[in-house]
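Chains as they are written, first to last, in my numbering: chain Z, 1 to 166; chain P, 1001 to 1529.
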């Protein structure tokens, strides 16, 4: 392709009137004054919109009888790049493998969502939630009970109608 | 020299002794033919059908574990036909397998998982419901998950051929066949049954003690030597979070082959014990003061000058290096007696199928080493008593790695210098002028001498707490300061120093010992009864 030089002809200030441009600008300003568009969010009275794939603090799913769905397979602490999950497995009185200790340090967590992706039983999820405030740092280490109490919706890393991605 | 046979495996020409199986020949050139039922320590029933390989000229695939090699044979283990065979066999294995890898303790070291991942089908085609057995308690330390079993019968053959105590069998036939015990007898009362958990290629037999404790991929494996008895079985310590999680045998055909006894397998909790001594402490005028190692050792040497004859208590649980350094220190301080105490059992517990292996009567790992450096055994068979001569001694008393559990607070009250080197505090050390923290066998390097006089090295599996140091480092520095020479900086240095001062250890180097051990010049042969 041949190379060419495009010469831009700019208006000369001495011979140009800016009146028309100023008027069209002001017209837009007055239009918004008469018919305003809302941009300020009235948080917290009005909740902001979160993407369905927003990744926030975790939720542990549970069975109907209140047991955690987690089977303590150890994949989430293995895959976790921030090393924020502590898991000690054990056996409950019905012979099921379950987590005796399951702790997530939400301060160390980088919210990558890999724990949710790797979980073979769809137990741990990252949540659509961002309001985390506590009085102490320790409260940000969520234990199993705390994770099961979380009632915010989980992130849609997958299609709910096809949970195993088949 | 055995007659050699030359054959071709996957295009590589290989010469092996006549009578070798194809599977072993393939292993010698680094090709692993997948297998379940074959184990080098037992007979091969060729029933898992996984090691089927293509042999040119043979009408059908041949099982590699029982087919012996022939001159000029051409074997394909990775050909299209061989891979197709294995893919088909693996699909059958998964017909009734529950695929419960997330809750299976074998996950991560499971041969079914590995083989299916490497060569199996991506998706199962089975539509029928799976057969369900559930879980069975086999007694002892063993749980049986029937659904995961691949019916290789290694466990049945171990109990009948190696332990020679027929406790397991296959009941039912075909699809319903399952491993079971005889009525309610179980495995209780057998002393080697932990090995069936090791040789189970899948998660069908799992250890109750290790159940759900750690994942296989989290464990660090460190070669070590069992401290349970004078046999000196080669083991791997599996650690996580600076704790020993389990003990597995390490193959060494000269000592324990693939097996260890259940005493050794479960006798590791002492390595995880807390409440350790963590800093050198000097006691003077009734006050105790923790101090840095350098200060403590300088104060100790100042006090040892002219303090009189030495009486030392060593331990048969200490390494050769520790004992050699103690011997050098005692000699440098003017010489004296070294005694040790060790527990003894009434009977040996032999493994019938491997006659040179037994849980020995001597329940310490290094009594031979202690004898060789000139220590003499005192006390009873439960490692108590025998210390009357030391208890009231008015010279220097050195206690190494003996917790003095049976001694009162007046032990060593008359000593001009009482040095207690141990891992835990003890009432017997009340009058100790110096309490020096030392590391355990799992926390440092060293070697033991077993009863056939084989020196075997162990490696460091855990970090020692606080300022605890290996005893050879502390004693070696003290001996060098009083008697001259260089202080050892590594276990290899300490072993070399041992070779210079104790003639029995002369002539072998740290490298000679390696991972397989080395026999001392005057070895004793060990046979079963």
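Beta carbons are placed, not taken as given, at the ideal position from N, Cα and C, and that holds for glycine.
For clarity, every value in this text was computed on a predicted model and none was experimentally measured.
Against chain Z, the beta carbon of residue 1211 of chain P has neighbours under 8 angstroms at 91, listed in chain order. Using a CB distance below 8 angstroms, the part of the segment 65 to 86 of chain Z facing chain P consists of 71, 72, 73, 74, 75, 78, ordered along the chain. Per DSSP, the continuous beta strand (DSSP E) segment holding residue 1135 of chain P begins and ends at 1135 to 1137. Here residue 1076 of chain P carries a strand assignment [DSSP, helix/strand/coil]. Your pair residue 1462 of chain P and residue 1239 of chain P checks out as a contact, with CB atoms roughly 6 angstroms apart and the cut at 8 angstroms. Taken residue by residue, none of the segment 1467 to 1491 of chain P has a beta-carbon sitting less than 8 angstroms from a beta-carbon on chain Z. Here the segment 1436 to 1443 of chain P makes contact with the segment 1467 to 1487 of chain P; the two share three or more CB pairs at distances below 8 angstroms. In the structure shown, residue 1485 of chain P falls within a coil segment according to DSSP collapsed to helix, strand and coil. The Cβ of residue 141 of chain Z sits no closer than 9 angstroms to any Cβ of chain P. The distance from the Cβ of residue 1037 of chain P to that of residue 1154 of chain P is about 7 angstroms, consistent with a contact at the 8 angstroms cut-off. CA-to-CA, the gap between residue 54 of chain Z and residue 1062 of chain P works out to about 57 angstroms.
Listed in chain order, the non-local C-beta contacts of residue 1112 of chain P below 6 angstroms within the same chain comprise 1202, local neighbours out to five positions each way being set aside. When 7 angstroms is used as the limit between beta carbons, residue 121 of chain Z is near these residues of chain P: 1102, in chain order. Judged by beta-carbon spacing, residue 1403 of chain P lies within the 9 angstroms limit of residue 1422 of chain P, meaning their Cβ atoms are closer than that value.
Less than 9 angstroms separates the beta-carbon of residue 58 of chain Z from that of residue 127 of chain Z. Put simply, the backbone Cα of residue 1237 of chain P is about 11 angstroms away from that of residue 1264 of chain P.
Residues of chain Z with a Cβ closer than 9 angstroms to the Cβ of residue 1217 of chain P are, in chain order, 74, 78.
For residue 1488 of chain P, the number of other beta carbons within 10 angstroms of its own is at least 16, and it is reported as buried. Runs of the alpha helix (DSSP H) spanning 4 or more residues and lying entirely within the segment 1362 to 1412 of chain P occur at 1367 to 1372, 1388 to 1391, in chain order. Residue 108 of chain Z is outside the set of residues whose beta carbon lies under 9 angstroms from a beta carbon in chain P. The beta carbon of residue 1125 of chain P sits no closer than 9 angstroms to any beta carbon of chain Z. If you draw a straight line from the Cα of residue 1514 of chain P to the Cα of residue 1456 of chain P, it comes to about 8 angstroms. Not flagged as an interface residue toward chain P: residue 35 of chain Z, since no C-beta distance is shorter than 9 angstroms. Per DSSP, the beta bridge partners of residue 1458 of chain P are P/1446. From the beta-carbon of residue 1135 of chain P, the residues of chain Z found nearer than 8 angstroms are 95. The beta-bridge partner set that DSSP reports for residue 1340 of chain P consists of P/1314, P/1377. Membership of residue 1246 of chain P in the beta strand (DSSP E) is indicated by the continuous run 1243 to 1249.
At a cut-off of 9 angstroms between beta-carbon atoms, residue 1207 of chain P makes no contact with chain Z. Bridge pairing for residue 1252 of chain P: P/1257 [DSSP]. The C-beta separation of residue 1124 of chain P from residue 1190 of chain P comes to about 37 angstroms, leaving the pair out of contact by the 8 angstroms criterion. Note on geometry: alpha-carbon atoms of residue 1041 of chain P and residue 1160 of chain P lie some 12 angstroms from one another.
Within the DSSP bridge table, the entry for residue 36 of chain Z names no partner. Burial is judged here by how many other beta carbons sit within 10 angstroms of a residue's own beta carbon; residue 1317 of chain P has at least 16 and is buried. Bridge pairing for residue 125 of chain Z: Z/59 [DSSP]. For residue 148 of chain Z, the enclosing alpha helix (DSSP H) begins and ends at 144 to 149. Our two residues, residue 63 of chain Z and residue 1067 of chain P, have alpha carbons roughly 52 angstroms apart in a direct line.
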